[in-house]
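Here's the structure, in structure tokens; my notes come after.
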Amino acid sequence: MPSTNDPQKTIASSVTISGTGLHTGEFVTLTLKPAPINYGYKFVRSDIEGYPQIEALVDYVNNTDRSTNLQKDNIHISTVEHLLAAIYGSGIDNILIEMDGNEVPILDGSSAPWVDLIHKARLINQKAERVYFELKHNIIHTQSDRKSEIIAIPSDIQRFSAMIQFNSKVLDTQFATLDRIDDFAKEIAPCRTFVFLHELEQLIQHNLIKGGDINNAIVLVDRILSEEELKRLAIYFDRPEVKVLEEGVLNNRVTFYE
Numbered sequence: 029m030p031s032t033n034d035p036q037k038t039i040a041s042s043v044t045i046s047g048t049g050l051h052t053g054e055f056v057t058l059t060l061k062p063a064p065i066n067y068g069y070k071f072v073r074s075d076i077e078g079y080p081q082i083e084a085l086v087d088y089v090n091n092t093d094r095s096t097n098l099q100k101d102n103i104h105i106s107t108v109e110h111l112l113a114a115i116y117g118s119g120i121d122n123i124l125i126e127m128d129g130n131e132v133p134i135l136d137g138s139s140a141p142w143v144d145l146i147h148k149a150r151l152i153n154q155k156a157e158r159v160y161f162e163l164k165h166n167i168i169h170t171q172s173d174r175k176s177e178i179i180a181i182p183s184d185i186q187r188f189s190a191m192i193q194f195n196s197k198v199l200d201t202q203f204a205t206l207d208r209i210d211d212f213a214k215e216i217a218p219c220r221t222f223v224f225l226h227e228l229e230q231l232i233q234h235n236l237i238k239g240g241d242i243n244n245a246i247v248l249v250d251r252i253l254s255e256e257e258l259k260r261l262a263i264y265f266d267r268p269e270v271k272v273l274e275e276g277v278l279n280n281r282v283t284f285y286e
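Residue 79 in this note's numbering sits at position 51 of the sequence shown; the count goes up by one each step and never skips.
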């Protein structure tokens, strides 16, 4: 693990934000706090006696069903992906994330509000160098049941490429590349959560998206809905005015169907 002259970074001051969890629907207050060198990323549950911590490590990922969720002993933190992406994409090495609930607020369904909050807190250099892991050979991980694959390849530069394909006539193959992590705030952070309309009832039946609405997710309308279905969705989301205004538009948010 070679060192460089690149200093570790944390935030200069604490910043707080509150919002609703996408899946639990619970209102949570979250505070980002400065942390010492070699601390890494740690979540703290302030609503539980003893303030238990969970390190943001792959070892504690226990579920990735529509969100990334951590568990250590009996302590849970859910829907961490947008926040952790913003923290890493902003160049932070050490930070404490204190929450009074178990789900990170969804905000607008992207990493952008988190990036803005981090910019408000300001980054500062710390008196220790970053330590980098040096990849010696290709690493490949495949999950055939999810039809997914990730490959890490040795390189002198940090570059991320992603491709995703859905069995959908309204959303073609999606491909994106990030050549510089410094471009995260502009190129990646604004990208928002989306869901196909036909998935909504299934998600509801699995006790998910209790806090979901058209302000924190993009809904892709992939088929024409009957009046009965529209009324049922309106009840689910407590939005009696939900209706398809025209082909491809659900309440002025959203995209197309065939």
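We put the CB at the ideal spot given by N, CA and C, even for glycine.
Within the same chain, show all residues whose beta-carbon is closer than 7 Å to that of residue i, passing over the 5 residues directly before and after it, in chain order.
i      : result
CYS219 : SER138
ILE192 : GLN202
ASN91  : ASN97
LEU163 : ALA180, PRO182
What are the boundary residues of the beta strand (DSSP E) that includes residue i?
i      : result
ALA190 : 188 to 192
LYS155 : 151 to 159
ALA204 : 202 to 206
ILE179 : 176 to 180
GLU126 : 123 to 127
HIS226 : No beta strand (DSSP E) holds HIS226; DSSP gives it neither H nor E.
HIS165 : Counting along the chain, HIS165 falls outside any beta strand (DSSP E), and DSSP gives it neither H nor E.
LEU248 : 246 to 248
Taking the Cβ atom as the reference point for each residue, do residue i and residue j lie within a distance shorter than 8 Å?
i      : j      : result
ALA100 : TYR88  : Looking at the sequence shown, residue 100 is not Ala but Lys. Yes. Within cutoff.
LEU151 : LYS61  : no
GLY117 : PHE212 : yes
GLU126 : THR59  : yes
THR221 : ILE246 : yes
ALA190 : ALA204 : yes
ALA140 : VAL108 : no
ILE134 : GLY239 : yes
GLU215 : LEU206 : yes
Just the C-alpha distance for residue i and residue j, rounded to the nearest angstrom, thanks.
i      : j      : result
HIS110 : THR96  : 9 Å
GLN188 : LEU225 : Strictly speaking, residue 188 in this sequence is Phe, with Gln absent from that position. Their Cα atoms are separated by approximately 29 Å.
GLY53  : SER106 : 12 Å
PRO80  : ILE65  : 20 Å
ARG260 : ALA113 : 35 Å
GLU257 : ASN243 : 21 Å
VAL223 : LEU248 : 6 Å
ASN195 : SER176 : 14 Å
ASP241 : GLN230 : 15 Å
THR38  : GLN186 : 21 Å
LEU253 : HIS51  : 24 Å
SER41  : ASP93  : 34 Å
VAL143 : HIS165 : 33 Å
ILE237 : THR48  : 11 Å
ILE232 : HIS104 : 21 Å
ASP184 : ASP136 : 35 Å
GLU77  : ALA149 : 28 Å
GLN171 : VAL86  : 16 Å
ASP210 : ASP200 : 28 Å
If you drop the 5 nearest sequence neighbours on each side, which residues of the same chain put their C-beta closer than 6 Å to that of residue i?
i      : result
LEU145 : VAL43, ILE45
THR57  : SER46, ASP128
HIS169 : ILE178
GLY119 : LYS37
ILE167 : ALA180
SER74  : GLU126, ASP128
ALA63  : THR38, ASN122, ILE123, LEU124
State the start and end residues of the unbroken alpha helix (DSSP H) segment that holds residue i.
i      : result
GLU109 : 109 to 117
LEU236 : LEU236 -> no alpha helix (DSSP H), and no H or E assigned at all.
ALA213 : 212 to 215
So, at 8 Å on beta carbons, what are the nonlocal neighbours of residue i in its own chain, with the 5 sequence-adjacent residues on each side left out?
i      : result
VAL282 : Any reading at VAL282 needs caution, since the residue's pLDDT is 35, under 50, leaving its predicted position unreliable; the model's value is listed next. ILE242, ILE246, VAL247, LEU248, VAL249, GLY276.
ALA156 : PRO35, GLN36, ILE65, ASN66
ASN153 : PRO35, GLN36, LYS37
Check the Cβ-Cβ distances between residue i and every residue of chain D, and say whether any is below 8 Å.
i      : result
ARG251 : Included in the structure is just one protein chain, with no chain D present.
(message) Could you tell me which whole beta strand (DSSP E) segments of length 3 or greater appear in the segment 43 to 103?
(response) 43 to 48, 55 to 62, 69 to 73, 81 to 83, 89 to 91, 97 to 100
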